[in-house]
Every structure is written in structure tokens, then in C-alpha cells.
Amino acid sequence: MSKDTPTAESAPTGEQLVADLLRLLTLERIGEDSFLGPQKPDGVGRIFGGQVVAQALVAAEHTVPDGRAPHSLHASFLRGGDEDHPVDYRVERLLEGRSFSHRRVTATQPGGTILTANISFQRHEEAPSHQAADMPDVPPPEDLMAEHVLIERMREQLADKIPAAFLNPRPIEQRSENLSAFISTQASEPKQNVWARTRAALPDDPAIHRAVLAYYTDYRLMSTGTMPHDFSFLQGGMVAASLDHQIWFHDPAPKVDDWLLYAMTSPISGNARCLNHGQLFTREGRLVASTAQEGMFRERKRG
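The numbering of the sequence shown is the numbering used here, which starts it at 985 and goes up by one.
Here it is, written out as C-alpha cells:
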């Protein structure tokens, strides 16, 4: 076990983890449309991609008129972020229309640009609506064990097989039927259904819930496309990186401190890339967001 991996006795509480996440999502304004995003090194070396996406969304939201919420986010990961340095976010105001605002965000560090994101915002409009997507039939979260509890029970067994960062406590609680498929090197169907919520209550601010949702959507999405293959990036057999990330917000005020089901599938992989789709449902079956992500993965060369 890594000396940096928290033990059960030293692990932070859910409230502390969520407070740390909210600090990461609190940007320092250094210019009219410029912001600095803090970091919290966890020994991985690279910044979690969902953190950069969420901070880019927060930066963009600071520049739009009140009453407009994001409906789509399209981000491209250009290079890995360094967790030892803050990220500089520059926002360009591409459109300020009667109904829509469009922003381009560029995230940079000393090594260059790490992410670009195009984010569109819309004022609320009354209009016809429909939902054709059905929530998968899965056990309720109360019938499943929290993954951080399961991982704690398996800590000694897992410690030498997967990166220590995976064992680090996280601010999002997850519950699923197939954690073993996620960490296994055995090929399985490219499908995951994961219940998720923050491990403590969030402030009653829709912008905070949207940012945390954006943060969470990068947790497991790419791994879906690697599941049909008999090697795992968690167990050192794979080199992997997200290439892009898309989010469509169907609900401007999601509740991320209540259970959401993240239903993930991967329709295809090839040429060292995999495509992944995700849908987030409330426990009543209402679709609040959709995601898509393409990732690069290669089998790690031995020797």
C-alpha cells in the first residue's frame, strides 16, 4: 500500500471531501473575463479531467447574464494538466443574443493550453417537451453497497493491483452492481449503471449543482469503452486519455446531492479510440443530462 493512501482511520469525512470539492470550484477572478482555478494535488501528477471541465463551466457562468443556464458544453482535452500548478481560464464572449449566450473558454498552464470548451447558455422558455429515453431497470441505491465502503473492505487485496489514486476517498458516492467489471481485466459488456450523489449536502444554488454534475460526468464514462477488452487501465495494462467531453443539460437545476443514475454505454471502439455515451436520470426516471466522450486507449507495451 502506498504511504500516501489514506487508511480507514485517517480518511476524511464526506463533509470534508465535499468542502474540498467546492473550494476547487471556487475560482479567483483575475480580470474581467479571466479566472484562476485552484488545485488540490493527490499524488496522481495530472489533474482530473472532470475538474477542468467543471472549472471551465464555472468561469463561463461568471460572464453570462442572470437567468441563463448552460444547455450544452463541448470540451476538447489537448494535453494533461499538471496538478502542481493552478489553471488559467480565459473566457471569450462569442454571442450575447436575446435568448442565447455563447462562450469559449481556454484553459492554460505553463506548458500550454490543456483544454478548450464551447459552452452555450439559454434563458428559460416555456415550450412543448417530451422524453423518449427510459431509465434502465436496476436495483435502487438502498439495495447496493457504497463503492467506497466496498473498496475499503478490499483495500489490501487491491492495493498492489491498481493505482493508489483509485483508493483515495472521493466526494461523490457511487453504488453499482458491477464494480468488479470496472476494475477487472476480464472482458465484459460495455455497459455501466451507477447511482451517484455527493457525500454531503450541497448549497441550494443551481450553478453549484451544475458544476458538480459536470465534474462527476468524467468519473467512469471512458472506462465503459474499454470493458470489452481484456486489459484494464486501472491495473496498469492500458494507457488511456480522454480526447473530448460533451454534456447536454436538460434540467437547469439538477440535484446532485440526491441520487442520480448514470447509465453509460459504448457503441464502438477501434483505431485506439472508444466512443462512450451517458445519460443521467433521477430516481423517478427523469432525464436531467446526457453525455458523450471519445477516449484514446492503447495496451501498455511491456519491457
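Every residue gets a Cβ at the ideal spot worked out from N, C-alpha and C, and that includes glycine.
### Spatial neighbours of V1048 in its chain, beta-carbon cut-off 6 Å, leaving aside the 5 residues before and after
S1085, F1105
#### Entry: Exposed unless 16 or more other CB atoms sit within 10 angstroms - verdict on E1131
buried
### Query
Skipping 5 residues on each side, what residues in its chain have a beta carbon closer than 6 Å to that of E1045?
A1191
### Query
Counting Cβ pairs closer than 8 Å, one from the segment 1229–1248 and one from the segment 1077–1091, do we hit at least three?
no
### Query
Which residue from R1088, S1056, L1099, A1116 puts its Cα closest to that of R1063?
L1099
### Query
Measuring CA to CA, which of A1171, V1223, Q1158 is closest to V940?
There is no way to answer for residue 940, as the model of the chain reaches only from 985 to 1287.
### Message
Can you look up M985 in the DSSP assignment and give me helix, strand or coil?
### Response
In this predicted model, M985 has a pLDDT of only 41, less than 50, meaning its place in the structure is not dependable; the value taken from the coordinates is given anyway. Of the three classes helix, strand and coil, the one that applies to M985 here is coil, per DSSP.
#### Entry: Touch test, the segment 1054–1071 against the segment 1204–1213, Cβ-Cβ under 8 Å, three pairs minimum
no
### Query
Taking Cβ to Cβ, would you say V1178 is nearer than 8 Å to R1204?
yes
### Query
Looking at L1005 and P1022, is the spacing between their C-beta atoms short of 8 Å?
no
### Query
Under 8 Å, do A1053 and P1236 count as touching if we go by C-beta distance?
yes
### Task
If I'm right that A1276 touches N1260 with Cβ under 8 Å, what's the distance once you round it to whole angstroms?
7 Å
### Query
What distance in whole Å lies between the Cβ atoms of L1041 and I1103, which are believed to be in contact at a cut-off of 8 Å?
6 Å
### Task
Return yes when the Cβ of G1269 is within less than 8 Å of the Cβ of M1119, no when it is not.
yes
### Task
Give the DSSP-derived three-state secondary structure of R1013 in the structure shown.
strand
### Message
Let's test the definition: count the other Cβ atoms within 10 Å of the Cβ of T1010 and tell me whether it reaches 16, buried, or not, exposed.
### Response
exposed
### Message
Here's the rule I'm using: 16 or more other beta-carbon atoms within 10 Å means buried, otherwise exposed. How should S1250 be labelled?
### Response
buried
### Through-space distance from A1180 to L1227, alpha-carbon basis
24 Å
### Query
When the Cα of G1065 is compared with those of G1051, F1265, T1092, which residue comes out closest?
T1092
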